[in-house]
Each structure stands twice: as structure tokens, then as C-alpha cells.
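Position in the sequence shown (first residue = 1) + 3 = our numbering. Data first, discussion second: the structure below is written as C-alpha cells.
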Amino acid sequence: MKNRFQTLAAATLMIAAATAVTAQTAIHVGKTRGCGCCLAWMEKLSDAGFAPEGENMGGALIRLKMDRGIPVDMFSCHTATVEGYTIEGHVPPADITRLLEERPDAIGLAVPGMPIGSPGMDFGDDAEAYDVFLVKSDGSTEIFSSYPAS
Numbered sequence: 004m005k006n007r008f009q010t011l012a013a014a015t016l017m018i019a020a021a022t023a024v025t026a027q028t029a030i031h032v033g034k035t036r037g038c039g040c041c042l043a044w045m046e047k048l049s050d051a052g053f054a055p056e057g058e059n060m061g062g063a064l065i066r067l068k069m070d071r072g073i074p075v076d077m078f079s080c081h082t083a084t085v086e087g088y089t090i091e092g093h094v095p096p097a098d099i100t101r102l103l104e105e106r107p108d109a110i111g112l113a114v115p116g117m118p119i120g121s122p123g124m125d126f127g128d129d130a131e132a133y134d135v136f137l138v139k140s141d142g143s144t145e146i147f148s149s150y151p152a153s
């Protein structure tokens, strides 16, 4: 009985710790005015417990991407910053949570382009396969996670 209680207590603490990572974690989102997919992605972040705040940046958005070290081939429609990391494009909230938990030595995460079925681009049942890339400090990338087509 004691082992069962300890296991339950440990599981509860792990869930609480994972939730604490995203609970009201502020994310600044640089976007262009009137972009519906940016707003839809921000809504997905809110649903996952983050606190996104959008800023309409116009042409300055490209400068933000470049200043934050995002390679041009990783560009998407919005660029966010969270706890020192840069999040480029339609990155799923679960991947952001994992990034914040693991804290790799990296610039951040990127989903290049605007793949149908990614968060904020999920219009119906169809989804393209896409990868989330870890952008390293030297500008190189590696696959962080992959999502299949439906």
C-alpha cells in the first residue's frame, strides 16, 4: 500500500511539474496585422496554458527573425520568443513545453513554411507531414519531432 501511495504521489508531482512549465508562461509573438493563422496559433498556445501576447510588426518581423538567428530556410509567418528561445512558425505547444523542460543549448524551434494540419493551420481533417526543427546556435538544424500526414 505504501509503494502504491508513493507511486501515485510521484506521478502527481511529475504532472504538476510539467503543467507548471507552461502555466502562464509568457510568449511574445511577432506577427503581421490581420494574419488569422497567427491568431489561431496563439489560441492553441493559450489552450495549452501559455500566455501569448501578439505584436503587429509589419516589415520589422523579418529583422526579428534574422536578429534571433533563424535561418532563412526555416522562416514562417510569425516569430515568438519564450524564456530566451525563439519559436518560428506553427510549432506545437507540446514541443515548446519539451524545449523548456529540456533546455538544450539552442536558438529555439522552427516549423518552416505553413504546413496544413500544424497548430493554427488545422482547417479540417487533412494534414501534411511536417517536422519541427531544433535550431542550434551555429544555425544548423536537426529534427526535434515529426508529425505524420493524415
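The C-beta atom is built at its ideal place from N, Cα and C for all residues, glycine as well.
- Exposed or buried, what is residue 115 when buried is set at 16 or more other beta-carbons lying within 10 Å of its beta-carbon? For the purposes of this step, residue 115 is taken as residue 112 along the sequence shown, with counting starting at 1. Buried: at least 16 other Cβ atoms inside 10 Å.
* Is the distance from the Cβ of residue 80 to the Cβ of residue 61 below 8 Å? -> Taking the sequence shown and counting its residues from 1, the one referred to as residue 80 is at position 77. Taking the sequence shown and counting its residues from 1, the one referred to as residue 61 is at position 58. No; because the gap between Cβ atoms is not below 8 Å, this pair is not in contact.
In whole angstroms, what is the alpha-carbon distance linking residue 129 and residue 67?
For the purposes of this step, residue 129 is taken as residue 126 along the sequence shown, with counting starting at 1. For the purposes of this step, residue 67 is taken as residue 64 along the sequence shown, with counting starting at 1. Distance between the alpha carbons of residue 129 and residue 67: 31 Å.
request  = Compute the Euclidean distance between the alpha carbons of residue 149 and residue 94, then round it to the nearest angstrom.
outcome  = What you label residue 149 is simply residue 146 of the sequence shown in a count that begins at 1. What you label residue 94 is simply residue 91 of the sequence shown in a count that begins at 1. Taking the straight line joining both Cα atoms gives about 11 Å.
* To do: Could you check how far apart the C-beta atoms of residue 144 and residue 111 are, in whole angstroms? I think they sit under 8 Å.
  => Numbered from 1 along the sequence shown, position 141 holds the residue referred to as residue 144. Numbered from 1 along the sequence shown, position 108 holds the residue referred to as residue 111. About 11 Å separates the two Cβ atoms, so there is no contact after all.
* Taking all protein chains shown into account, do 16 or more other C-beta atoms lie within 10 angstroms of the C-beta of residue 45, making it buried, or fewer, making it exposed? -> Reading the sequence shown from its first residue, position 42 is the one you call residue 45. With 16 or more Cβ atoms within 10 Å of its Cβ, residue 45 is classed as buried.
Report task. Please report how far the alpha carbon of residue 137 lies from the alpha carbon of residue 65, in whole angstroms. Result -> Here residue 137 refers to the residue found at position 134 when the sequence shown is read from its first residue. Here residue 65 refers to the residue found at position 62 when the sequence shown is read from its first residue. One C-alpha to the other measures close to 19 Å.
* To do: Would you kindly work out how many angstroms separate the C-alpha atoms of residue 135 and residue 117, rounded to a whole number?
  => Within the sequence shown, residue 135 is the residue found at index 132, counting from 1. Within the sequence shown, residue 117 is the residue found at index 114, counting from 1. Going from the Cα of residue 135 to the Cα of residue 117 covers about 12 Å.
Worksheet entry | residue 54 versus 100, 77, 28 and 131, residue with shortest Cα-Cα distance | Translated into positions along the sequence shown, residue 54 becomes position 51. Residue 54 has its Cα closest to that of 28, out of 100, 77, 28 and 131.
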